[in-house]
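Shown next as structure tokens:
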């Protein structure tokens, strides 16, 4: 008999001790999924120094580890921008290899077909008791040949995008999980501090940092499923569920993207690349397309504003994301944070001079910056954008 049925058949007769005993037993039950999922939402955090002053990874590790109760030990990760100044003109491709034989040979051949491998090496790691090393993290610094896609608006970026899709869909034993310039993603299955120590994250210095502590709900806990998700210089950390994933997936696949990583967050990176890079929408308009106002709200807007929002909803209806979510995105020129249209997941913003912080919790921001002054919570669907100071 389950606890619900057991409680319904007991005559407590005012015996609060019996009620308390059974209630505690119920709350401790692993089968009580609703309570478990409410408590253990993912933890996310983003940071930018608008002056491009770089910070090492020790503080972001401490901030993310503070939110350990939001994860399950099934995945954590970090993205940092500005970490490869000596290779800033080349694409840094981070790859998980199941082994360094056949999968690596195929990736090497594909890269040589589409450009030049300037440098390659295994990503330095330190063994951790809490992490089983099932993949070898490798990095390439790669110069694509834009001539091979002549006539395209962003020929080099199109080459890199093609390579990422081709490897992840068709090269068994290899997954490209980071592909931007002067930036990199570092992730694995494990707790935040273990993943940070595994990759020696304190040795990297960046002017943008994203971090994520995962509690998977609808997809497996594996290295490629950990956040951040990345394509080119777009990196995404996400707390929640994209319930419109099927529609969003079909939409981006119509433009040549391939969703292969078994998680809804992957599609967010591709939506930002499609709308932000290929369609050249500003970040504010990308957010408006993904988390648009409700029709009732649009009807109450001034005429010109209403016309714009109607056009966005009609044009990008298949890009609209439903479900509870809070998202932070790293970009070429800054970071973007936003929530779903009724804010079913928390997002907190902090500012201190040139620094902007976006997180699931205020406490994590205060670990990064104990002197932070301006703390606030944005409205549902409101984009929070931090750009570099020119």
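In UniProt numbering, the protein residues as written are 1 to 390.
C-beta: ideal position from N, C-alpha, C; glycine also.
If you count every other CB in all the chains shown that lies within 10 Å of the CB of residue 236, and 16 or more means buried, which is it?
buried
Only counting the same chain, and skipping five residues up and downstream in sequence, which positions put a Cβ closer than 6 Å to that of residue 306?
298
For residue 250, name the three-state secondary structure that DSSP assigns.
helix
Excluding five sequence neighbours on each side, which residues of the same chain lie with their C-beta closer than 6 Å to the C-beta of residue 160?
91, 144 and 179
Please work out which residues of its chain come closer than 8 Å, Cβ to Cβ, to residue 354, disregarding the five sequence neighbours upstream and downstream, and give them in chain order.
49, 50, 51, 53 and 389
Considering only residues of the region 181–227, which uninterrupted beta strand (DSSP E) runs meet the minimum length of 3 residues and lie entirely inside it, listed in chain order?
183–188 and 208–213
How about residue 325 and residue 269: do their beta carbons lie closer than 9 Å?
no
4 or more residues per run - each alpha helix (DSSP H) lying fully within the region 237–313
245–253, 265–272, 283–290 and 295–299
Under 9 Å between the Cβ atoms of residue 182 and residue 81?
yes
By DSSP, does residue 63 sit in helix, in strand, or in coil?
helix
Are the beta-carbon atoms belonging to residue 67 and residue 213 less than 9 Å from one another?
yes
Decide yes or no for the touch test of the region 95–113 against the region 196–207: beta carbon pairs closer than 8 Å, at least 3 of them.
no
Applying the 10 Å Cβ sphere with the 16-neighbour rule, what's the burial state of residue 156?
buried
Taking only three categories from DSSP, how would you classify residue 132?
coil
Report the option in 347, 96, 300 and 295 whose CA atom is closest to the CA atom of residue 186.
96
Close Cβ partners of residue 321 (< 6 Å) along its chain, the five nearest in sequence each way excluded:
242, 244 and 290
Of the residues 198, 158 and 137, the one placed nearest residue 147, counting alpha carbons only
158
Can you check which of these residues, 378, 256, 70 and 356, is closest to residue 338 by C-alpha distance?
378
Return helix, strand or coil for residue 93, following the three-state DSSP convention.
strand
In terms of residue numbering, what span does the alpha helix (DSSP H) encompassing residue 169 cover?
155–170
For residue 272 and residue 395, believed in contact at Cβ under 8 Å, the rounded distance:
With the chain represented from 1 up to 390, any question about residue 395 goes unanswered, as that position is not in the structure.
Determine the closest residue to residue 233 out of 173, 89 and 125, with distance taken between C-alpha atoms.
89
Can at least three beta-carbon pairs, one atom from the region 348–364 and one from the region 303–318, be found at a separation below 8 Å?
no
Which of the three DSSP states, helix, strand or coil, is assigned to residue 76?
strand
By the 10 Å Cβ neighbour count, where 16 or more other Cβ atoms means buried, how is residue 176 classified, buried or exposed?
buried
CB-CB length for residue 240 against residue 323, believed under 8 Å:
6 Å
Taking 8 Å as the line, does the beta carbon of residue 335 fall inside it for any heavy atom of the ligand MG?
With respect to the ligand MG, the structure offers nothing, as it holds no ligand at all.
Under the DSSP definition of a beta bridge, which residues are partnered with residue 356?
48 and 351
Residue from 343, 279, 330 and 385 whose Cα sits closest to the Cα of residue 319:
279
Three-state class that DSSP yields for residue 379 in the structure shown:
coil
Considering residue 148, what are the terminal residues of the alpha helix (DSSP H) in which it resides?
Element bounds for residue 148: n/a, residue is neither H nor E.
Round the Cβ separation of residue 360 and residue 44 to the nearest angstrom and send it over; I've been treating them as touching at under 8 Å.
5 Å
Paired residues, beta bridge with residue 329 - DSSP:
236 and 336
Beta carbon of residue 365, beta carbon of residue 169: below 9 Å?
no
CB contact flag (residue 478, residue 98, <9 Å):
Since the first residue of the chain shown is 1 and the last is 390, residue 478 is not available in this structure.
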